[in-house]
Amino acid sequence: MQRVLFAFALALAVCASAFAQSGLSWKLLDAKVPANAATAIRLQLVDGSGAPQTVSGLSVRVDMSPDAMAAMTAPATVHAEAGVVLVETKLYAPGRWAVIISGKAKGKAVKATLVVTATLKSTAPVAAGPRRILYYRNPMGLADTSPVPRKDAMGMAYIPVYSDEVTKVKGAVRLSTEKMQRAGVRTSLVTRLSVAKSVRATGTVAADENRQAVLSARFTGFVEKLYVSQTGDVVRAGQPLMRVWAESSEVLVKEADYIGSLQSGAPEHAAMAASLLRQYGITQADLTMMAKTGVPTRSITISAPASGTVMEKNAVLGMHFATGDILFKTTDVSQLWVLAEVSERDLSGVRVGQKASISFRDNPAASFDGKVLTIYPQIDPATRTVKVRIAVANKEGRLRIGQYAEVRIETAASAATLAIPASAVVDDGSKQVAFIALADGLFEPRVLKLGARMGDMVEVQSGLTEGDRIVTTGNFLLDAESNLQSALKTFGSK
517 MQRVLFAFAL ALAVCASAFA QSGLSWKLLD AKVPANAATA IRLQLVDGSG APQTVSGLSV
577 RVDMSPDAMA AMTAPATVHA EAGVVLVETK LYAPGRWAVI ISGKAKGKAV KATLVVTATL
637 KSTAPVAAGP RRILYYRNPM GLADTSPVPR KDAMGMAYIP VYSDEVTKVK GAVRLSTEKM
697 QRAGVRTSLV TRLSVAKSVR ATGTVAADEN RQAVLSARFT GFVEKLYVSQ TGDVVRAGQP
757 LMRVWAESSE VLVKEADYIG SLQSGAPEHA AMAASLLRQY GITQADLTMM AKTGVPTRSI
817 TISAPASGTV MEKNAVLGMH FATGDILFKT TDVSQLWVLA EVSERDLSGV RVGQKASISF
877 RDNPAASFDG KVLTIYPQID PATRTVKVRI AVANKEGRLR IGQYAEVRIE TAASAATLAI
937 PASAVVDDGS KQVAFIALAD GLFEPRVLKL GARMGDMVEV QSGLTEGDRI VTTGNFLLDA
997 ESNLQSALKT FGSK
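Just so we're aligned, residue 517 is where the sequence shown starts under my numbering, counting upward by one.
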């Protein structure tokens, strides 16, 4: 601390020397200002005779306590008015504050660090005489008190507890300005927010069942030739997959019926026969060839029923197949499903049609847009989750079926509700507490009932009201002091 004070004093000396050379100096008109209230700190730049000078290019920064808290700043604006520089700010805690002001005057840069003291307006009556000591508490925080000064087994002196430090509210804490500054106590107001909640879940990529197709044999025969010989190949609808030899005589009978209808001049009957042959998988090219030659054929081309990627190929060159055997399976992977496992407690916010953002482990920075299609009707009794089906476009074919996914579903914005920063909540495992800042350095704990988490904010269902000022940093020191005082009061009441 001495080194910090020396450095601060040296900085002031350098600024004073620079001003002395230029004949200009800053004059602080308000050495004391109210804490925790909007205020204007008045400054003047004067020459050697004390006459106010005009300053341009003003900028300012206000830091808490030039001795120890230069990293903690208060919001501030600055402007000149009638020869006076006004620094408008709100010093959120009592103590020493550094006003770092800079600008230009007479073509020279003028900069200085001035110190003001922020004080809280006391509403309590001033007690006459010296402070009254109630008892002495154990220096190690144990629930051990003494009516007279003493030392513990390690030689450490017991700490006096004064009457003005004990509050009537259970667990309330009163801190001195020095303690608040050391702990970095900062506060903010309880406000109402209307935000959209994000439901997070994990999921896996699955095939879109509407884009799957199966090619099964509709007669018995043998595989003569394969045009698509491996899984993973991409095919289009109508593309030849294989050439087969039809063993079934039934196919030959229907082919003969088709040819005979054409030759006898019965186009309507021929059209019906052609339609029936198409049901057997016979292509238009084979029908045209039979109409031209007038000869039935056992060598038939089988084409893909739909576009997609070959996911399963059971057809092998020379194999015999029977009616109903599955020869090919294809899936169009240009659009896929993500089956997300949404927790039961988050299910109320999920609706069909909501947008979803999906990311994957191979590239967490990239995200895919999706849309909720279906919310499954059953809950998994083991995991207490519900499957939610999300449609997602497979951009550039980067997604793979079975891939693990991180899902975020954006729910509709809720009605405005009380919310506080999550950092204001102290959770001891059994309850959640926030500290309200009152006058004269008094902090009162409030037990909260919390709702949904909304980013860095958390919903408050009970325990606070709008406009309450709560502690957002330094609250763990308050919690420790509160627990200690409660323990001492309980110990003293026995």
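Beta carbons: idealized from backbone N, C-alpha and C, even for Gly.
Asked, Found
"Is the beta carbon of residue 821 less than 7 Å from the beta carbon of residue 731?", "yes"
"Does the beta-carbon distance from residue 607 to residue 590 come in below 7 Å?", "yes"
"Just checking, does the segment 735 to 755 make contact with the segment 783 to 794 on the three C-beta pairs under 8 Å criterion?", "no"
"Comparing C-alpha positions only, which one of 973, 972, 719 and 760 sits nearest to residue 832?", "760"
"Under a Cβ-count criterion, where at least 16 other Cβ atoms within 10 Å of its own Cβ denotes burial, should residue 675 be classed as buried or exposed?", "exposed"
"What is the rounded straight-line gap between the Cα of residue 961 and the Cα of residue 633?", "28 Å"
"Going by C-alpha to C-alpha distance, which of 863, 678 and 937 sits closest to residue 647?", "678"
"Can you list, in chain order, the residues of its chain whose CB lies under 6 Å from that of residue 555, leaving out five sequence neighbours each side?", "549"
"Below 8 Å, can you find three or more Cβ-Cβ pairs linking the segment 661 to 671 to the segment 949 to 959?", "no"
"On the premise that residue 902 lies in contact with residue 888, defined as a C-beta separation below 8 Å, what is that separation, rounded to the nearest angstrom?", "Their Cβ separation, rounded to whole angstroms, is 12 Å, which puts residue 888 and residue 902 out of contact at 8 Å."
"Would you report the Cα separation of residue 934 and residue 943, rounded to the nearest angstrom?", "18 Å"
"From what residue to what residue does the beta strand (DSSP E) around residue 676 run?", "675 to 678"
"Please state the DSSP three-state secondary structure of residue 670.", "coil"
"If the criterion is Cβ atoms closer than 7 Å, does the pair residue 870 and residue 906 meet it?", "no"
"Contact between the segment 833 to 850 and the segment 720 to 734 is defined here as three or more beta-carbon pairs at a separation below 8 Å; is this criterion met?", "yes"
"According to the Cβ coordinates, are residue 545 and residue 561 closer than 7 Å?", "no"
"According to DSSP, is residue 574 part of a helix, a strand, or is it coil?", "strand"
"Considering Cα atoms alone, identify which of 919, 827, 979 and 714 is closest to residue 859.", "714"
"What three-state label does DSSP hand residue 580 in the structure shown?", "strand"
"Can you have a look at residue 643 and say buried or exposed, based on whether 16 or more other CB atoms are within 10 angstroms of its CB?", "Annotation note: pLDDT 49 at residue 643 (below 50); position unreliable, coordinate value reported separately. Under this definition residue 643 is an exposed residue."
"Between which two residues does the beta strand (DSSP E) containing residue 649 stretch?", "649 to 653"
"Specify whether the segment 914 to 921 and the segment 862 to 877 touch according to this definition: at least 3 beta carbon pairs, one from each stretch, less than 8 Å apart.", "yes"
"Would residue 610 and residue 593 qualify as a contact pair, given that the criterion is a beta-carbon distance under 7 Å?", "no"
"Got a sec: is the Cβ-Cβ distance from residue 960 to anything in chain B below 7 Å?", "No chain B is part of this structure, which consists of one protein chain only."
"Whole-angstrom Cβ separation of residue 736 and residue 763, contact assumed at under 8 Å?", "5 Å"
"Got a sec, what are the start and stop residues for the beta strand (DSSP E) residue 892 sits in?", "879 to 896"
"Runs of 3 residues minimum, wholly inside the segment 904 to 933: which ones carry the beta strand (DSSP E) assignment?", "920 to 929"
"For the beta strand (DSSP E) containing residue 986, name the first residue and the last one.", "985 to 989"
"Closest to residue 844 by CA distance: which of 837, 836 and 826 is it?", "826"
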